[in-house]
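Below: one structure, written as structure tokens.
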Amino acid sequence: MDSPRRLMDSPRRLMDSPRRLSARLSASGKGLKGRLSSASKSQPGKDTIKRDLEKFLQQKVIHSNKFYRKREKIVTEIFSSERRYQEQLKVVVDLFMTPLRARGILPDQVFRTIFGDLTAIQSVNKELLAHMEETSIGTAFLQLAPYMRLYCTYANDFDRAMLTLQVGRYCT
């Protein structure tokens, strides 16, 4: 008879054909019927198995529902954040960038220092939001990953932009 250890060591045995399996069982001195009858004596009844299986499946469903509710909450928050960010970018562009640029109040270098590539970031964010609505969040981020460098540049230049605003170097 094969030891449990030996069966575990040989995953190939799990793929045995029915004939080979029957031959191995016969060679061990106990036929298939003998094994089944001795196994059924030590195992719980069908009702117990059914009850345990139902309990297990209910726990899985509960766990699954919690997972999907949490996932849905995260997805909703990501969409909400992206929409809010898009609205805020629009306010900055419409109320500050466009009027300042049109009136020529700031020198070009100061304007670029303060606002950087904000219009490009606004375009990327608009595309990201559209892709998220059409596909999935992960796919949208993967498709637009090369453009995310704009955010890094903007974030890296943020301190210089704030200093420019505070010091008022643009004043003549």
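Plus 41 on top of the position in the sequence shown (first one is 1) and you've got my numbering. We treat Cβ as the ideally placed atom computed from N, Cα and C, and that holds for glycine. Owing to the predicted nature of the structure, the values given are computational and were not obtained by experimental measurement.
Nearest residue (CA-CA) to residue i, options the options
| i | options | result |
| --- | --- | --- |
| residue 190 | 101, 99 and 166 | 166 |
| residue 151 | 197, 101, 111 and 206 | 206 |
| residue 133 | 106, 163, 109 and 122 | 163 |
| residue 177 | 136, 116, 89 and 140 | 116 |
Alpha helix (DSSP H) segment containing residue i, residue limits
| i | result |
| --- | --- |
| residue 137 | Premise fails: residue 137 is in no alpha helix (DSSP H) and is neither H nor E. |
| residue 188 | Looking at the DSSP string, residue 188 is not in any alpha helix (DSSP H), and its letter there is neither H nor E. |
| residue 200 | 199-208 |
| residue 162 | 159-175 |
| residue 155 | 149-156 |
Distance CB(residue i)-CB(residue j) smaller than 7 Å
| i | j | result |
| --- | --- | --- |
| residue 185 | residue 170 | no |
| residue 154 | residue 202 | yes |
Query raised in the report: Between the region 184-204 and the region 156-164, are three or more C-beta pairs nearer than 8 Å?
Result: By the Cβ rule, the region 184-204 counts as touching the region 156-164, because three or more pairs are nearer than 8 Å.
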